[in-house]
Amino acid sequence: MEELRTREEYAAPGELLDRVAEVLTVLRGIASSESSIAAGLKASPEVAAGILGAFLRVCKQMVGAGEQVQRMWVDVVVDLWRGSIWGSANAKKTSAVWSEKCLEISATLLVAPEIDDSLKTVLENMLAEYIFSPEVLFPVGNAGQKQGAARVPSTKDLISLLGPLKQQDAAMSGTPEAISIPYLPVLFRIAIDAHSRKRTKADAAIVEALFVALLSVVAGVDLQSEVLDESASSGDSIASLLQILIETGTALSPSTLSRIVTKFANLTSSNPEFMRWSLVETALAIDFDTFLHPDVATLTTQLFSALSKARSSPQTGRVLRLVVDGFVKARDVMGFVARWSKQLKSGAEGDIWRSDELAGIFAPIVEDSLTSQQVVKAVGNLRQEKSWIVLDAILRGLRREETETQLLTSGTLEEVVETARKDGKDWRAWRLLVRIGGIKPELLVPAIKDATELVSAGKRWKEAVFASEVLMRVAEDTPEGAAMEGAQVVLHAVAKSLGRFKSWDRSIASVDKTNFGHVVATAVIGGHLAILEKVDTTHRREFVDSLLGAALDGGAASGPLDAAQLCQALLGRPEFYEHPAVKEAMLSALVTRLPFEEDMAKSAADLPTLSPKNRDQYSFFVSLLELFPLEAIKRTTRERILDTCLLLDIVGFSRVRPLMQRLWKVGNAGSFMATDCQVIKMLFTNPGAADIFRRVLSHAFINRDQEKTKEYLTSLIRMNYSLVKGARKGDGLSAGELEMSWVVITELWKFRSEAAINSGDLEKTRKWFLELLAKTVGSKKRVDATALKYWRQVWELERDDRDAALEIAARVAGRVTKVWGYEVPDADIVVETIGVVSTVAESVEDMMNVTAFSVVSSQVLKRERDADLLRHYKCAVDRLDITTHRDVSRRVVDACFSDEIGGDFIWELFKILINAIKKPETPEELSASIDVFSAAHSRLLISLPSSLSPSAFILNAHCINTLLRLHPWAIIQHNVDATISSLTIAASAHGPSLTATDTDTLYASLTSILSTILSLHRHRIRGRYHLVVALLQTLLTVLFTPKLSRRKTERALHPPWLLSTTATPLTLHSARVFARVLQAFCDPPVSTVRSHNSELTDSERSKERKMVGNVVGPVLETFIKRVLEERVDAAVRREINVGVDKMLEVLGREGMRRVTGRMNAEGRAVVRALWVEFGRGRGERV
87 MEELRTREEY AAPGELLDRV AEVLTVLRGI ASSESSIAAG LKASPEVAAG ILGAFLRVCK
147 QMVGAGEQVQ RMWVDVVVDL WRGSIWGSAN AKKTSAVWSE KCLEISATLL VAPEIDDSLK
207 TVLENMLAEY IFSPEVLFPV GNAGQKQGAA RVPSTKDLIS LLGPLKQQDA AMSGTPEAIS
267 IPYLPVLFRI AIDAHSRKRT KADAAIVEAL FVALLSVVAG VDLQSEVLDE SASSGDSIAS
327 LLQILIETGT ALSPSTLSRI VTKFANLTSS NPEFMRWSLV ETALAIDFDT FLHPDVATLT
387 TQLFSALSKA RSSPQTGRVL RLVVDGFVKA RDVMGFVARW SKQLKSGAEG DIWRSDELAG
447 IFAPIVEDSL TSQQVVKAVG NLRQEKSWIV LDAILRGLRR EETETQLLTS GTLEEVVETA
507 RKDGKDWRAW RLLVRIGGIK PELLVPAIKD ATELVSAGKR WKEAVFASEV LMRVAEDTPE
567 GAAMEGAQVV LHAVAKSLGR FKSWDRSIAS VDKTNFGHVV ATAVIGGHLA ILEKVDTTHR
627 REFVDSLLGA ALDGGAASGP LDAAQLCQAL LGRPEFYEHP AVKEAMLSAL VTRLPFEEDM
687 AKSAADLPTL SPKNRDQYSF FVSLLELFPL EAIKRTTRER ILDTCLLLDI VGFSRVRPLM
747 QRLWKVGNAG SFMATDCQVI KMLFTNPGAA DIFRRVLSHA FINRDQEKTK EYLTSLIRMN
807 YSLVKGARKG DGLSAGELEM SWVVITELWK FRSEAAINSG DLEKTRKWFL ELLAKTVGSK
867 KRVDATALKY WRQVWELERD DRDAALEIAA RVAGRVTKVW GYEVPDADIV VETIGVVSTV
927 AESVEDMMNV TAFSVVSSQV LKRERDADLL RHYKCAVDRL DITTHRDVSR RVVDACFSDE
987 IGGDFIWELF KILINAIKKP ETPEELSASI DVFSAAHSRL LISLPSSLSP SAFILNAHCI
1047 NTLLRLHPWA IIQHNVDATI SSLTIAASAH GPSLTATDTD TLYASLTSIL STILSLHRHR
1107 IRGRYHLVVA LLQTLLTVLF TPKLSRRKTE RALHPPWLLS TTATPLTLHS ARVFARVLQA
1167 FCDPPVSTVR SHNSELTDSE RSKERKMVGN VVGPVLETFI KRVLEERVDA AVRREINVGV
1227 DKMLEVLGRE GMRRVTGRMN AEGRAVVRAL WVEFGRGRGE RV
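For what it's worth, my numbering labels the leading residue of the sequence shown as 87, then goes sequentially.
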């Protein structure tokens, strides 16, 4: 071991450890054969401990390198150690030897994050046995005392055993490593657990002895010395040990804790950096009485003084919370209030005792810890002391109406108002007045004059903030005219200050003249919108205009909320829309500041350039307008906004388009866009305006009887007519003009017979537009996907000149497929080419070409655009007549089952064909369709159990289910019988070998088909219930967990797709769908059991239930057998039981007797338990 640990030539220590383990295993075998442990494994304790220690050091190297320590290595070395000490009566020597050789390395290994759990357990057990055992704490002289006798633990032997750790820490003294001793808490936990029992914790005296012994390990730490210890490592080490007390639910005596805090926490230090708040926090969490112990009478005072010097941090916040909780548990909240008030008199501004964090901690406990009388008395005393901070915290925590009533009836609050008003130079006094105003605003009437003067003076800004809120609160809730005048003074001061805003950090200490307006505006928007509604129009508009102006001209303003965010917060509040005057003022200010003049023709002729600065302004305007409910805006204002949005879009600010869409939904027939067709050309300067323009046309056509609208539509058609006519002789149309003409033609074509539409110009425009697109498609080297989309949709309007259309489709398809061999295809071009080919297809040959082209395109595009390809294919299929559709379906079925065409996409096409099947009217056509689709159904059934992939299996099952569900007229009796047989095979051991992860989906596809048969084809399975029963037995069996291994002669019960390495067992979702199917079989609705000519009567249903009761017994037998022989998840079992209960109901007592007659005793016992539970659920006596 030593050679392995020290020599570098061993690149793989695991190999040598394997050899050592082999040697020790052989020795153990020899010892076992001679029935004597000593024969092969006996060595001196020193040698064995040396081997164990060396082994652990090798383990440390391996763990540090990220290598795995084998359990076999650990076992053989530990067995060697235990064999060597076997029979030794000197336990003290054994512990000393183990400590010398193994303690230090064991402690180090235990804190390694990569240590194996088995090795960690072995080390913990050894530490508990050899270092922290009861024999060590209670020497032999005391070990023989009777149970119940008081025993005093001794630390002498334990400190001696911990010597190796102390030597190591002494060597590290003064080095950075001495700051933290990570294994001490781990050892402390092991020691406590070694002396704890299942129902009792370790005795306090034992815990204290363990604590003292472990603390002796830390270099330079002496708990008995009276000299204060200011080292950081001492306090942190002790805090980490005390944390273990909290985690294990044990404790030290209060006197010991007090002594620890006094010596190591450094609460009396003048330097806050030396205070050990982690130690204080841990001591408070263990026992608050630590600071109240009579041995250290001044400790509480030291704590409060130290908190006055401490800097605010998350840790001091936790200490404050523990202090408050301690006084609450001690039922001395008034004592805490007194100490808090005392610290406020002596402390400095900005210390912890003045923090809002402490007030937030204290407020929630006020009414839970103080009676109403105590609150009244405390408020009175604190008023005299002018302790506004504590008073504010108390009033913040008031929740009971009874307490507020006593404060009012006693006159205490009036006295507080008067005292605070006279002490108006302290902003905390004004904050307290705001708090009192929340209880009863009328009490603040005497402070109106002082508050108004304070705001008007414009000097003491912190006090002015709360004085402003006092004025607004009184003005809102009382009829005082002076308060309303004061509120108007506040709004005027805010309006003057908003333009100067630069920054604010949400601290009241940083309020000055530059951010005063921003602070008060935040308060107005957050809680005083009613005051804006009540003040006169001048001050309301002044406030809103200033806020909006500051948002537009904010520049480099920074902070949690700038003026723009305040505007958005104002419009985002639901309460804003409850104040019509405020809403109107904001909307008026917005419209006034819109970026363009009201003369739209003039603005359109002189459009600005889009720059980063005005882009930000436009974004701000749009964000505000998007928050408005547009229906509540007057029509003329909406049209003004829409015209502005139009100009913004023209200059390139496309973010405005969603707002334009919303505006057109509420109608704006008088806007510039809806009255001047020339502006539409400008709208299409930037492509992508089609949706907006369609909305314009739909609204225009609603008002087509108006002369102005007729002129507009006529001009629009004439303008596009001229554009297209001119483009035939010139260079063609721009992208925007193409888009505009496409929208005009496709939107107005269906209304060409209307009087408002000039049909002649529109038809010529369409004809020339198609010629222009055909020329564009034929002349360019690269096919334009957008031009193909335009051509397809415009040609489809009339579907004329099909020969020319076929020629275009063939030419486009040829050019697209030509580049596939040497160029990555453009997905949009391929999709639009499929769209063109699908649009012109009508015959069977055309559709087969479309089918082949779609399959190849799907492969070329790697299935990424299948949804678009299927959409175009569906449009083509929907146009087919019954005969063509039938012939295409037959040929596609042949393609699906051929070896030449593979993949799942062909099945997706077949799904579309199946969904689009139409029932013929004539008997001849009906017979022909039945022949085709029943044959297709049979081929699907044959292929289902031999599917090659989960997706193919699911698609196949979906096609079968669609035929059964949507087209039952196309299904013959043989199809139904074969369907049930195919499902049984697919769910059995002869099912398909699939590598599936989502087995629930595969199972659900099978049960869905059975559910369709039971609901729509029930009349066809009468007399064939044995097929359904066999299928139910198979579906029930696979819900049970497959066996991990079975004998060669044992027949497999589960399908291969449930036995693959990637498959997951079926979950409760599968059990739930099975239970539904079983319920539908046992208790069918009337609509599923009646024949075509019978009436809806209960007799049909009762007859069906009786027939099911005569045959369903084998399903129950299968369930009982599987319960006895297989495993099943509890949740799955509960879901299955839902269907089993329905099965028991249709079987009845007689049926149960028949079933149990064929069972053994175990099976009958299970059935009896099910029957008893079933009877209880129905409220019957069993």
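Note that the Cβ used here is the ideal one computed from N, Cα and C, for glycine as well.
Three-state class that DSSP yields for residue i in the structure shown
i	result
Arg168	helix
Thr1083	coil
Thr111	helix
Ser1020	helix
Asp600	Checking the sequence, you will find Thr at residue 600 rather than Asp. Note: Thr600 maps to coil in three-state DSSP.
Thr608	helix
Arg521	helix
Arg679	coil
Arg586	coil
Arg237	coil
Thr1150	coil
Arg1213	strand
Thr384	coil
Thr1008	coil
Thr624	helix
Thr1127	strand
Met258	Its pLDDT being 48, under 50, Met258 is placed unreliably in this model, and the value from its coordinates should be taken loosely. Of the three classes helix, strand and coil, the one that applies to Met258 here is helix, per DSSP.
Beta-carbon separation (whole angstroms), residue i vs residue j, contact threshold 8 Å
i	j	result
Leu858	Val810	6 Å
Ala1014	His971	Rounded, the Cβ-Cβ distance is 12 Å, inconsistent with contact.
Leu633	Ala609	Between Ala609 and Leu633 the Cβ distance is about 13 Å, and since that is not below 8 Å, they are no contact.
Val597	Trp547	5 Å
Pro1031	Gly1077	6 Å
Glu490	Ile525	5 Å
Pairwise C-alpha distance: residue j and residue i
i	j	result
Thr538	Glu501	21 Å
Ala649	Gln574	20 Å
Arg724	Phe682	15 Å
Arg951	Tyr959	13 Å
Ser1035	Thr1081	7 Å
Ala135	Leu209	13 Å
Tyr807	Thr851	5 Å
Leu540	Leu530	15 Å
Leu1026	Met1245	39 Å
Tyr704	Val409	54 Å
Trp854	Gly753	33 Å
Pro1141	Ile1099	22 Å
Glu1248	Val1159	28 Å
Val902	Asp777	29 Å
Phe1197	Ser1068	For the sequence presented, residue 1197 should be read as Val rather than Phe. Using only the alpha carbons, I get a separation of about 21 Å.
Gln401	Arg362	10 Å
Lys395	Ser181	49 Å
Beta-carbon spacing of residue i, residue j below 7 Å
i	j	result
Thr1242	Val1253	yes
Tyr1089	Ser1024	no
Pro250	Glu294	no
Val307	Leu300	no
Val605	Val551	yes
Ser1029	Phe991	no
Original post:
Which runs of the beta strand (DSSP E), 3 residues or longer, sit entirely within the segment 761-821?
Top reply: none
Subject >> Length at least 4, wholly inside the segment 834-885: the alpha helix (DSSP H) runs in chain order >> reply: 845-865, 871-881
Subject >> Sequence ranges, alpha helix (DSSP H) only - wholly within the segment 178-218, length at least 4 >> reply: 190-196, 203-216
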